[in-house]
Amino acid sequence: MFVIDRCLPTSSLPQDFDDLRRDAVSERYRFVERLHKDWGSGAMRFDGRGEVLLMAAVAGTCAGLGGLTADPCVPAALRLRRFYVRPQFRGLGLGRELAIRLLGHARNHAPCVTVNAGTAEAGAFWERMGLLPAAQSGITHRLDF
1 MFVIDRCLPT
11 SSLPQDFDDL
21 RRDAVSERYR
31 FVERLHKDWG
41 SGAMRFDGRG
51 EVLLMAAVAG
61 TCAGLGGLTA
71 DPCVPAALRL
81 RRFYVRPQFR
91 GLGLGRELAI
101 RLLGHARNHA
111 PCVTVNAGTA
121 EAGAFWERMG
131 LLPAAQSGIT
141 HRLDF
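Per the numbering used here, the sequence shown starts with residue 1, numbered consecutively.
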């Protein structure tokens with residue numbers, strides 16, 4: 001059983017966010033470190049129109065997160081960002097539920113959502129979630145609502 005909740009722009013990142021960061025670094029995912037830096041500086045707080053950062057927790061432990069921000073390449077679109085599930089929590093459906101929540105949120109705020117999947121595995125995940133491959137600079141997948 002897991003819980004998905006919103007990380008409010010005025011609050012801090014989850015208390016055990018450093019554990020999530022260590023897992024991401026060990027897998028060579030730099031975007032979680034970028035989230036930490038951008039959140040700390042205030043550069044990205046997921047507080048713009050339609051933006052949101054969600055955290056998934058299992059037994060009170062930060063198991064994954066993902067967010068939406070304004071897309072810098074596609075006017076009026078939202079971009080899926082900083083999506084990560086810790087290895088020990090994969091296979092539970094947590095990533096799928098987190099993605100469903102983010103896509104549902106995006107549907108209410110934008111005409112489409114985009115992502116720049118960093119790996120083939122991530123691209124395949126987003127395709128299973130309904131996004132289609134896109135041939136735009138900086139975007140690998142897109143879903144029009």
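Think of the CB as a built atom: it goes at the ideal place given N, C-alpha and C, for glycine as much as any other residue.
- Counting only residues of its own chain and dropping the five nearest sequence neighbours on each side, GLY123 has a CB closer than 7 Å to the CB of ALA117, THR140, HIS141.
- Within the same chain, ALA110, PRO111 come within 7 Å of ALA76 by CB-CB distance, once the 5 residues on both sides are set aside.
- When only Cα atoms are considered, TRP126 and LEU132 end up about 8 Å apart.
- In the structure shown, LEU78 adopts extended strand secondary structure according to DSSP, grouped into three states.
- According to the DSSP assignment, HIS109 belongs to no alpha helix (DSSP H), since it is labelled neither H nor E.
- About 11 Å separates the Cβ atoms of ALA99 and LEU68, ruling out a contact at the 8 Å cut-off.
- When the five nearest sequence neighbours on each side are left out, the beta carbons in the same chain lying within less than 6 Å of the beta carbon of ARG79 are those of THR69, ASP71, THR114, in order along the chain.
- With contacts defined as CB atoms closer than 8 Å, GLY66 and PHE46 fail to qualify as a contacting pair.
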